[in-house]
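Asker: 22 is the number of the first residue of the sequence shown in the working numbering; add one for each residue after it. Here a beta-carbon is modelled for each residue, glycine too, at the ideal position from N, C-alpha and C. Here the structure is a predicted model, which means the values were calculated and not measured. Got a structure for you, written out below as structure tokens; questions coming shortly.
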Amino acid sequence: MSEGNGNAAGRAVPRVALGGAVLYPGLLDPAAQAALVEDLRAVAAAAPFVRPVTPRGQPMSVRMTAAGRLGWVSDRKGYRYAPRHPGTGAPWPPIPAAVLALWRQVTGLRREPDCCLVNYYGEGARMGLHQDRDEADFSFPVVSISLGDSARFRIGGVERGGPTESAMLHSGDVLVMGGAARLAHHGIDRIAFGSSTLLPQGGRINLTLRVVA
Ligand code: MD3
Ligand code: FE
């Protein structure tokens with residue numbers, strides 16, 4: 022009998038981990054991961070990945086695009102949510118239906134996310150410790166979906182400079198940051214480039230789903 026991460030009721034079994042975050046290891050099976058990658062090819066065709074610069078002009082190592090009503094953008098003017106792609110000027114493509122279904126599955130919310138940020142980590146890319154606080158209502162959780170190469174994820178507390186802990190995130194893992202974890206500092210130390218064959222060119226994609234307004 023193969024139960025995977027499901028149970029008799031067909032629900033995924035979560036693990037509470039890392040400062041109140043809830044991790045669903047391997048919630049997406051390999052076929053679902055591959056289907057999501059295909060959905061993301063269509064997103065990236067309509068809204069190409071860009072390499073954002075920080076407000077101080079430093080290029081980020083992570084490449085980004087987005088789907089949904091709003092995308093998160095960063096440039097010399099600052100970072101913010103914007104209704105259009107910074108390069109093409111077009112509205113962001115819709116969030117893929119499978120992504121919205123996953124959001125409903127793990128949050129139980131009828132409210133849809135406004136933003137599906139798509140981060141791509143090539144070899145050597147990382148994301149420093151930060152908080153996600155550009156959104157209006159922190160009572161909504163943030164949902165993260167990992168695809169491709171494994172990554173070392175780090176999470177600390179709400180206050181800057183406190184103790185942190187780390188864990189590996191693997192392809193198909195889904196992380197729900199709600200409650201006290203919503204304002205926790207977090208980042209990606211490094212990816213294990215080449216640890217997955219999901220993406221032909223290697224690397225890691227992370228989707229983060231957020232209610233913004
Ligand atoms: C903890 N992305 O896009 S996902 C980000 O893997 C971001 O690309 C990382 O941090 C990535 O802002 C980490 C896990 C994650 C996402 C959102 C969170 C952790 C979070 C929001 C609050 C606390
Ligand atoms: Fe973040």
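DSSP state of Ile-226, grouped into three classes?
Answerer: If DSSP states are grouped into helix, strand and coil, Ile-226 belongs with the strands.
Asker: Give every residue of the same chain whose Cβ lies closer than 6 Å to the Cβ of Leu-230, excluding the five residues on either side of it in the sequence, and list them in chain order.
Answerer: Closer than 6 Å at the Cβ level, and outside the excluded window around Leu-230, lie Trp-124, Pro-134, Cys-137, Val-164.
Asker: With distance defined between alpha-carbon atoms, name the residue in Arg-175, Ala-87, Phe-214 nearest to Leu-13.
Answerer: Outside the displayed range of the chain (22 to 234) lies residue 13, so it cannot be described from this structure.
Asker: Among Ser-82, Glu-59, His-206, which has the Cα closest to the Cα of Leu-219?
Answerer: Nearest option by C-alpha distance: Glu-59.
Asker: Hey, which unbroken runs of the alpha helix (DSSP H) at 4 residues or more fall wholly within the stretch 95-179?
Answerer: Within the stretch 95-179, the complete alpha helix (DSSP H) runs of at least 4 residues are 118-128.
Asker: Answer yes or no: the CB of Thr-185 versus the heavy atoms of ligand 2, is any distance below 8 Å?
Answerer: No; taking the cut-off as 8 Å, the Cβ of Thr-185 has no heavy atom of ligand 2 nearer than that.
Asker: Given a cut-off of 9 Å on the beta-carbon distance, is the pair Ala-146 and Arg-84 in contact?
Answerer: Contact flag set, yes.
Asker: If you draw a straight line from the alpha carbon of Pro-73 to that of Met-189, how long is it in whole angstroms?
Answerer: Answer to the nearest angstrom: the Cα atoms are 25 Å apart.
Asker: Output the distance between the C-alpha atoms of Thr-86 and Met-148, rounded to the nearest integer angstrom.
Answerer: Roughly 15 Å between the two C-alpha positions.
Asker: Any chance the CB of Val-94 is under 8 Å from a heavy atom of ligand 1?
Answerer: Checking the Cβ of Val-94 against ligand 1 gives no.
Asker: Does the Cβ-Cβ distance between Pro-51 and Gly-89 come in under 9 Å?
Answerer: No.
Asker: I'd like to know whether the C-beta atoms of Pro-162 and Gly-193 end up nearer to each other than 9 Å.
Answerer: No; because the gap between Cβ atoms is not below 9 Å, this pair is not in contact.
Asker: I'd like to confirm something about Met-198: is its beta-carbon nearer than 8 Å to some heavy atom of ligand 1, or not?
Answerer: For ligand 1, at least one heavy atom lies less than 8 Å from the Cβ of Met-198.
Asker: By the DSSP assignment, the alpha helix (DSSP H) with Arg-72 in it spans what residues?
Answerer: Counting along the chain, Arg-72 falls outside any alpha helix (DSSP H), and DSSP gives it neither H nor E.
Asker: Under three-state DSSP, which class holds Val-195?
Answerer: Strand.
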